[in-house]
Amino acid sequence: WIAEGAAYEKHWAYEKPVRAELLPSVKAQVKNEIDRFVFAKLESEGLAPSPEAAPETQLRRVSLDLTGLPPSPEELDRFLSEWKSDPEAAYTGAVDRLLKSERFGERWARPWLDLARYADSNGFQADQLRDSWAYRDWVIGALNQNMPFDRFTIEQLAGDLLPYATVEQKIATGFHRTVTCNVEAGVHPEENRVNQVVDRVNTTGTVWLGSTIECAQCHDHKYDPFSMADYYSIFAYFNNTPVEVENPSGKGVSFDFYGPKMELPLDAAKQTERASLTAKLDELKGRQKTLAAANEKDRAEWESRLLASAAKAPVWETLEIEDFSGTGGETCERLEDGSLLVKGELPKQTTYTVKAWTKVNGIRAVKIEALTHESLPDQGPGRGDRPNIIVNEIRLAAATGGGKDEPVALHGAVADFSQNNWDVGGAVDGDPKTGWAINPEFGKDHWMTVRTGGPIPANENGTLLTLALDQNYGGGRTIGRLRVSVTADEPAAPDLPEDLTAILKKPAGKRSAKDKKTLDEQFAKANPKLLALNREIAGVEKALKAVEPDTTLVMVEMDESRETHVMTRGNYLAPAEKVGARTPAALHPLDPALPKNRLGFAKWLMDRENPLVARVTVNRWWNEIFGHGLVGTLEDFGAQG
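The structure is reproduced here in C-alpha cells:
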C-alpha cells in the first residue's frame with residue numbers, strides 16, 4: 003500500500019495532539035466544547051441529552067468528585083439558597099469552595115499515590131516500616147496549591163537536581179523511593195538495586211507514557227514502538243543511584259532498609275525543646291566530669307581491687323528458696339541442686355517471686371540461672387514452644403533479721419549470653435519494655451549476675467531476700483528451671499571481658515582514649531553516685547532522641563555515572579552491549595540543551611512535542627470522574643501495549 007502511494011501514518015497516540023479546527027455542530031444547547039462532541043454522538047444515534055439533574059444532586063456529585071465527601075447540611079442549604087437567584091453562579095461558587103478545601107488535595111492525592119505505589123512499609127517479607135509520609139504530605143500540598151503539572155512532574159522525578167533545590171523539592175523525589183525493597187537474609191544488594199531501578203523505569207512508563215514497557219526488559223516485541231535498547235536507554239537515566247540496602251553489622255546475612263535519607267526541619271516547639279534538653283545534657287555531663295575527677299582516689303582503689311581479684315573467682319552460695327509464687331498460678335518442684343522446676347499453668351506473662359533466708363554477710367551480687375531440663379520443650383530453658391526467656395525487670399528487697407523489707411538497688415548486670423537488642427542490662431534499667439533474652443542459644447544453661455548498690459548486711463538471724471522476676475513480653479517466654487545464688491565477693495572482675503582485663507594491666511600513661519572511655523564506663527557502673535548521674539544522662543538522651551528530626555527517603559544522584567548495559571533476558575549478571583541515556587526512538591528527541599540525567603528526562607516528558615503525557619494524564623482524570631477513560635486502557639496507549 004505504501005509503495006502504491008498510500009500515506010504512512012503513525013498510530014494516533016504517537017502524534018502530537020492538535021486542536022480541532024471545526025467543532026461539531028449540534029442542535030442541543032452546549033455549555034462548553036466537550037458538550038459538542040458528546041451531543042454530536044448522541045444525535046447521530048438518535049438520542050437526546052439526559053435532563054439536567056436536581057441542584058442537590060449536582061452538588062452531591064461534584065462534592066464527591068472533588069473532595070470524596072458528601073456536602074454538609076449547611077453547604078447544601080447555602081447552595082440551594084444561591085441556586086434560586088443564579089444557578090450558574092451557585093454552581094461555580096460551590097466548585098471554587100471545594101477546590102479550596104484541604105479535602106480536595108487529600109481526595110486527589112489518593113489516585114496519584116496509588117500510581118506512585120505509595121506505602122509506609124517495604125513490601126517484602128517482614129514488611130518493615132519506612133519513613134515516606136513526608137512525600138505523601140507533599141503530594142497533598144502540591145494539589146491544594148494548584149501546582150502546575152510540569153512542576154509537579156519535574157520535582158517528583160528530579161527535584162534534587164534542580165538548581166538550589168529546596169527541602170520541599172527534595173521531598174518530592176520520594177515518588178521513586180516508594181519502590182518495594184527486599185531486606186530478607188541473603189539478598190544481593192546490587193540485584194536489589196537493579197530491581198528498584200527496573201521498578202522506576204516501569205512506573206515512569208506507566209504513569210507518564212501510558213505504556214506497559216516492562217516486557218522490553220527481557221526481549222523485543224515485533225511492531226512494538228519500545229525496543230529493548232529503548233528500555234535500557236531509559237534505565238540509564240535512573241541508574242545513577244547508590245545501593246539502597248546495607249548490612250548493619252557487617253556480619254551475617256540480614257540487611258536493613260537504607261538508601262539516601264534527608265532530615266526534615268523541626269517545628270519551633272521541637273527546636274525549643276531540643277535546645278533545652280541539649281543544654282541540660284551539657285550541664286549533666288559537666289557534673290559527670292567533675293564527679294569523676296573528685297573520685298580519682300576511689301577510682302585508683304577500684305582498679306587495684308579489680309585487678310587483684312581478677313584471678314579469684316567469687317564464691318557463690320545457692321539460696322534455699324522457702325517460698326515461690328507466680329502471678330500466672332505456677333507451682334514448682336524443688337530439685338536436689340537447689341533449683342526450682344516451674345510447673346503448672348503456662349501464662350503468656352508472669353512475675354516470679356522467690357523468698358529465701360541467707361546468712362551471707364555483705365552480699366555484693368546475685369546470680370540468676372535459667373537451666374535446661376528434659377521436661378522442657380527442646381530442653382528449655384524457657385517453658386514455651388519457642389524456649390526463649392525474656393526477663394524484663396529484676397527487683398530485690400532485703401529484710402535484715404526479720405525487719406522491714408528495704409529495696410536494694412541493682413546495677414552492673416552481666417550474662418553469659420544476650421540476644422541481639424535484648425542485652426542483660428535491660429533487666430535492671432527500670433524500663434519494662436527492655437529485658438534479657440537468649441535467642442537463639444536454646445537448649446543450654448544460661449546465667450546472669452547483677453551487683454547490689456552496696457554490701458547487704460546480715461546479723462545472727464540472717465537476711466530475708468525477696469527476688470521478683472518480671473517476664474511480661476508474652477508468648478510464654480518464661481524461665482522453666484530457676485536457681486538463685488548470692489556472693490559477698492566482688493563479682494565484676496571474673497566477668498570482665500579479656501580486653502578490659504588487658505586495659506587494667508596497662509600503665510595509666512599507656513592507655514588510649516578508647517581504653518580510658520571503657521574504664522570510665524565500668525567505674526560509673528560501680529559507683530552509686532555516678533550511676534545515678536549516668537541514669538539521669540541516659541534519660542535526657544532518650545528524651546533528646548524523641549525530638550530528633552524525622553527523616554524521609556529521597557533520590558540522590560551519584561557523582562560518577564554508572565555504566566548501563568542491555569541485560570540479556572533482563573538478568574543483571576548477563577550484561578550485553580553498552581547503552582547511554584536517551585529517549586525512545588518512537589517519540590520526539592531530547593533537546594540537545596538538556597542534561598542526560600533525570601532532570602533532562604523529566605523536562606523531555608513535559609515538552610509540548612510529547613504526544614503521550616497530556617493525553618495519558620487527562621484520560622486518567624477523566625476516568626477518575628466518569629468511571630471510564632476516553633481510552634479504556636489507561637496504561638496501554640498505542641497498539642502494542
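Throughout the sequence shown, residue numbering follows our numbering, covering 3 to 643 in sequence. Beta carbons: idealized from backbone N, C-alpha and C, even for Gly.
In this structure the segment 48-68 touches the segment 88-100; the number of beta carbon pairs closer than 8 Å is three or more. Excluding the 5 residues flanking it on each side, N184 has same chain C-beta neighbours closer than 6 Å at F126, N194, in chain order. Within the DSSP secondary-structure output, Q473 pairs in a beta bridge with T352. Of the residues assessed, R610 falls on the exposed side of the cut-off, its CB having fewer than 16 other CB atoms within 10 angstroms. The segment 262-269 and the segment 543-556 touch, with no fewer than 3 CB-CB distances between them shorter than 8 Å. Under the three-state reduction of DSSP output, E322 falls in the coil class, being neither helix nor strand. Around the Cβ of W85, a 10 Å sphere holds 16 or more other Cβ atoms; the residue is buried. For V203, the enclosing alpha helix (DSSP H) covers residues 191-211. The beta carbon of E319 is closer than 8 Å to those of T360, V362, S487, V488, T489 in its chain, skipping five residues each way along the sequence. In this structure, V410 lies away from A429, with their beta-carbon atoms at least 9 Å apart. In the three-state reduction of the DSSP assignment, G478 falls in the coil class.
Between the beta-carbon of Q473 and that of Q273 there is about 41 Å, and that puts the pair past the 8 Å contact cut.
DSSP, read as helix, strand or coil, puts N461 in strand.
Taking every protein chain shown into account, the CB of S235 has 16 or more other CB atoms within 10 angstroms, so this residue is buried. Out of D638, A595, P591, the CA that lies nearest to the CA of D232 is found in P591. Below 8 Å, enough C-beta pairs join the segment 172-183 and the segment 128-142 to call them touching: three or more. The three-state reading of DSSP puts I392 in strand, counting E and B together.
M569 sits in a strand when the DSSP states are folded into three classes.
Counting only the Cα atoms, G212 lies some 36 Å from P57. One Cα belongs to P586, the other to F228, and the distance between them is close to 7 Å.
Per DSSP, reduced to three states, the secondary structure at C220 is coil, with no helix or strand assignment. A distance of 9 Å or more separates the beta carbons of I458 and I370.
Nearest Cα to C334 within the set V317, P316, Y354, A30: Y354.
For R366, no alpha helix (DSSP H) encloses it; the enclosing beta strand (DSSP E) starts and ends at 365-372. Checking the DSSP bridge columns, you'll see P577 partnered with M569. Ranked by Cα distance from D300, the options K531, P53, P594 are led by K531. The DSSP-derived three-state label of L24 is coil. 9 Å or more divides the Cβ of E408 from the Cβ of A417.
Between F41 and P53, the gap from beta carbon to beta carbon reaches 9 Å or more.
The C-beta distance from R600 to A160 rounds to 4 Å, short enough to meet the 8 Å contact threshold. Distances from the CA of R397 to each of K357, L632, D162, E492 were compared; the closest alpha carbon is that of K357. Boundaries for E443: no beta strand (DSSP E) harbours it, and the DSSP string shows neither H nor E there. Boundaries around M264 are those of the beta strand (DSSP E), 263-265, since no alpha helix (DSSP H) includes it.
The beta carbon of W606 sits closer than 6 Å to the beta carbons of T585, L592 from its chain, once the five residues preceding and following it are set aside; these are given in chain order.
Between N612 and L636, the CB-CB gap reaches or exceeds 9 Å. Per the C-alpha coordinates, the member of S123, R80, H190, K29 positioned closest to S46 is K29.
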